[in-house]
Each structure stands twice: as structure tokens, then as C-alpha cells.
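Please read the structure below before turning to the comments.
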DNA sequence: GCTGCAATGTGTGTTAAGTACATATTCCTG
DNA sequence: CAGGAATATGTACTTAACACACATTGCAGC
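Residue numbers (the working numbering), protein chains in the order written: chain A, -13 to 226; chain B, -13 to 226.
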């Protein structure tokens, strides 16, 4: 938006145009018990009694849009160095019963076994992504949109490692991919596809305390975890 | 955003949170003289004197976010049935000198030879995308982000046909792809890649008035043009 | 009207990626 | 110590991508 004085603008008062609130909503994914989970909170609006909603908040007047989801993550999970990706902005007039709110959706990949992790509110808890039916607001569509983007990204960019401990076996990694993609994969082809990407480092260590032949342990090659995807916005920051 | 009463919210007044304006910016692409063009307007802000900016506008209080770019397109080009795709939302505090504005960027593919097309403002004109240096606001980054998304989409989804007349030759189509991607393509492999996608219908007609052997004319297979990409939002509308 | 040029139309072989499936090895368990 | 179950590795087949060669058609100029 560059031209503040269009015909449409002049017809309305200045105040009208500051009657839209801006928020962010976070689809916070984690991986537990071989299933993809999402962090939800019990809705406190009576219109959505009994339903859960995503974690979000209004964007502060002095807060960069990008900073808001990091703050939400920090406030809700105690984590500050998380993977976040903007997905889509939802702005239908009637999407929020309390007023006009345009929301930008982000998805996040966190490891809930991380030492810093703690949930700070009783009504917040993890839900399996598969089988989720109805959510408050338009949050089911937001979740579906984020899940689709996650699925599209996961084979191209090394981002799923944000969901795993530092050391993991190929079986654990495959289980995670299957949970995200919702399909079964062939062990041998999966191994090849991943090793050829050169994302992994063989630690020359073995699994322990497993009830079968232990597998090799790997870690993500240093320098990749945070890279994930690079937006034009980020590129510019690097060159300035 | 679901919970209006977070700790952060309560610390501030209600009015603070309606001090953010919401806008949309359109990266309107067209294809002329074998080059990809973008529609820009001379900036009327003295901070950006001599610079061009994208076409955008504030989102009305009673206007769906998605409706705003269609309105901008309609007002600026006379076109109402255009291809639009949401790309990214930009919301840094200082991105607009006149105040806090969060903007959602869309790209659009239009055919400027369409009968309805007309530019309604003298300061609006087409610029070649390649070679563009500086734009007003953060519009260069917005443009780059949209161009990247266009490039990523163009081989997977039949969207470029929005830039062409109804009938076209494979050479014209290839020239367009080369202009978008910024690379040269092999004629024979390009032909195969496209024909196997089953996007095209052979019209059994030939080019006319060309100074060489005329090529066959094709059109897009009916029912594909508008489909392009389908978002979760759109899917929901279809099933409701 | 014939010939050469330039662009269109079509084909072929090579390489890389993805898929389906087979076999051998290792460790835990009983 | 034998059997089972999971790991580790290998091979053949199919598909897509890439590099390049040849034949065809219409226009232009002599």
C-alpha cells in the first residue's frame, strides 16, 4: 500500500481504517508417541464453548509482525529459539465474533522434550493432528493450510529436525516423516533419499536400550537446522 | 488469534490495538514484447520522490481481505476476472513512513491486450521486471518475493496462460516461460514437458503473418485456467 | 520455379531420480 | 544357542529430465 489518498479512502473517515485488529496465530507442531501433535488452548469465548483454538495474540503497536509469533511461542512454551514459517493471512470480515481481526498464520516446529519447554497455562495441551474435527474460529482451515505447507516443505528443506532430539536413528526419522505425511514409506528407499541429500552426519554411535538390533545414530549436519527456508525478507537482512 | 485477554493485551488500552492499518499490495504481472512487466505507480510521498511503488490500498472495514486485491485490480485496470494469489504479509514497524501499516502481498497475472483493460491513471505504467532497482517502501522485496513464488509455481500449475491470448504457439509459450524464469530452455524438451502435462489442446490452426514457417496454435484445455492453485480456504468454500 | 535460410516438428540416446523388491547382518530374547 | 525382528545394503525396473540430431515446411531472393 503506497497511495493513502485513493477515492475509496477519501470516502471514509480516517478512524474507520484503524478499526481492524491484526493478530498472529501459531500452529505449533511437535512429535510425541509417533504422532504429530499441535498445541491448542480451550477457547474462552462462549460462542466456541468446548472447542479448542490455536495460540495467538494481537500484534502490538510497536511490534514487528514477525516478532509477534516468537513472543507467543515464548510466552506459551518458554522456547525462544524456535523454527517459524509464515503461511497465510486470513481476513474474512466475520471470522472473529468479537470484531474485525485479520490474522497471519505461522507454523512452528518445537521439541517438547527440550529443557526450556514448559506450558504455562492449564487449558493448553497437545492434540494429535490426525482426527481433529472442529476448532474455534476458522482455525481448522488455518491448521489444514499449515499442515499442507509443512508437508510440501518437508522433503525439500531440512526442517523436521527441529522436532527431534539431537541424536536420532533413521527409523525414528522415518516414523516422523510418516507421521507428518500421513503415509507409509519404504525403509530402503527412504534411507537412500535422505542420505543422498547430505543432511545427516553419521555419529558412529548406536541406539541403546532398544528391544532389538540397535541402529546407527545420526545428527543433522551443522549449519542446516536454522536455515530451513530462506525468504526474500531474510535475504535482504543478510545483505544489508 | 482467539484469546483477546492475554497479559500483553491487558497492559495496553483497547485503542492501541486498532492503530494498525491493513493494506494489500498487488504485484500485477503482464507479458509484453517478450518481457515480463509489472504495473507500477509513481509514488506521491515526498519520502519516495521519483520512485515507483506497487498498486495497493487499505482494506475497508467491511471488506474481506481477499476482496481488496480484486478491487484494486478492478479500479486500476478495469479487469475483474483476474488470477490472484496471496504471497506473504509484511509488517515491520517502520515499513511505511506515514504510520503503521501491515500489508498482504498478492501477485496477479493479467493480459493487457484484453478488451476490458485500461489504465485509469496517468502515473501508472508498465515496467520490465528485470532491471528494476529501487522501489518505494519495501516494495522491491515484495516484488522479489512474488516473482520467486511465481517462478516456483509456473511449472507445476497452469497459470501463465492468464498472460497470453487465447490462441498461442509453442514458441510464444516458451518465450513467456523464459521471460518468467530468466533462463533459456531447450525447444524440444520444453515441448515434451508441456505436452505430457496435458494442459494444451491442439487447435489444428496455424500462425499467420509470421516471416517464417508458421507453427501450430494451441489453447489451454478448458476448465484449467481458473483452477491454478487451490488453497485450503477455497476448498472449504467448495464443500460448504 | 528453384534453392537456401530459418524456424517448426519429431526422434534417440544418456543420465538422474524414484519405485519395487531381495538378501544379508546384527543384536536381543527365550 | 537357535529364532525372531529389526537394521544395513543391494539390484532391477520405471519414470522423468537432459543433450543433441535430423527431417519438414514455408518464405525470400535469384
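The C-beta atom is built at its ideal place from N, Cα and C for all residues, glycine as well. Small disclaimer: the values here were computed from a predicted structure and weren't measured.
With fewer than 16 other CB atoms across the displayed protein chains lying within 10 angstroms of its CB, residue 192 of chain A is exposed. Distance from the CA of residue 171 of chain A to the CA of residue 177 of chain A, rounded to the nearest whole angstrom, comes to 10 Å.
Neighbourhood of residue 88 of chain B in chain A, by CB distance below 7 Å: 8, 51, in chain order. In the assembly as shown, residue 165 of chain A is a buried residue. Its beta-carbon has 16 or more other beta-carbons within 10 Å. For residue 43 of chain B, the three-state secondary structure derived from DSSP is strand. Using beta-carbon distances, residue 113 of chain B does not count as an interface residue toward chain A, since no partner is under 8 Å.
Pairing residue 70 of chain A with residue 92 of chain A gives a Cβ-Cβ distance under 8 Å. With its beta carbon at least 8 Å from every one in chain A, residue 183 of chain B lies outside the interface. If you draw a straight line from the Cα of residue 75 of chain A to the Cα of residue 19 of chain A, it comes to about 31 Å. Inter-segment contact for the region 54 to 61 of chain A and the region 6 to 14 of chain A is present: three or more beta-carbon pairs are separated by less than 8 Å.
Identification of chain B residues near residue 130 of chain A by a Cβ-Cβ cut-off of 7 Å yields 218, ordered along the chain. The continuous alpha helix (DSSP H) containing residue 176 of chain A extends over residues 173 to 181. Any Cβ of chain A closer than 8 Å to the Cβ of residue 175 of chain B would place that residue at the interface, and such an atom is absent.
Look at the region 59 to 86 of chain A: the residues with a C-beta under 8 Å from a C-beta of chain B are 61, 72, 74, 75, 76, 77, 78, 79, 82, 84, 86. Bounds of the beta strand (DSSP E) holding residue 71 of chain B are 69 to 76. Taking C-beta separations shorter than 6 Å and ignoring five residues to either side along the sequence, the partners of residue 129 of chain A in its chain run 13, following chain order. Your pair residue 203 of chain A and residue 154 of chain A checks out as a contact, with CB atoms roughly 7 Å apart and the cut at 8 Å. With 16 or more other CB atoms across the displayed protein chains lying within 10 angstroms of its CB, residue 8 of chain B is buried. When DSSP reads this structure, residue 93 of chain A sits in a beta bridge with A/13, A/71. Contact between residue 162 of chain A and residue 146 of chain A holds, with the beta-carbon distance rounding to 6 Å and staying under 8 Å.
Judged by beta-carbon spacing, residue 34 of chain B lies beyond the 8 Å limit of residue 65 of chain B, meaning their Cβ atoms are not closer than that value. When the alpha-carbon of residue 137 of chain B is set against those of B/174, B/125, B/169, B/113, the nearest one is in B/169. Interface annotation, residue 105 of chain A: not in contact with chain B, CB-CB separation never under 8 Å.
Approximately 7 Å separates the beta-carbon atoms of residue 105 of chain A and residue 63 of chain A; this is inside 8 Å, confirming the contact. Residue 47 of chain B has a beta carbon lying within less than 8 Å of a beta carbon in chain A. C-alpha of residue 149 of chain B to C-alpha of residue 51 of chain B: approximately 24 Å in a straight line. The alpha-carbon separation between residue 195 of chain A and residue 201 of chain A amounts to approximately 11 Å.
Chain-order list of chain A residues neighbouring residue 119 of chain B: empty, with the shortest C-beta distance near 14 Å, by a criterion of under 9 Å. Taking each of B/95, B/198, B/88 in turn and checking the Cα distance to residue 24 of chain B, the smallest one comes out for B/95. Under the DSSP assignment, residue 58 of chain B falls in the alpha helix (DSSP H) whose first and last residues are 53 to 63.
Among the residues of the region 12 to 34 of chain A, those with a Cβ less than 9 Å away from any Cβ of chain B are 27, 29, 30, 31, 34, in the order of the chain.
Listed by position along chain A, the residues whose Cβ is nearer than 7 Å to that of residue 127 of chain B are 218, 219, 222. Given a length threshold of 4 residues, each whole run of the alpha helix (DSSP H) inside the region 129 to 204 of chain A is given here in chain order: 156 to 167, 173 to 181. Among the bridge pairs identified by DSSP, residue 114 of chain B is matched with B/23. Straight-line spacing of the CA atoms in residue 46 of chain A and residue 174 of chain B works out to 55 Å. Identification of chain B residues near residue 134 of chain A by a Cβ-Cβ cut-off of 7 Å yields 218, ordered along the chain.
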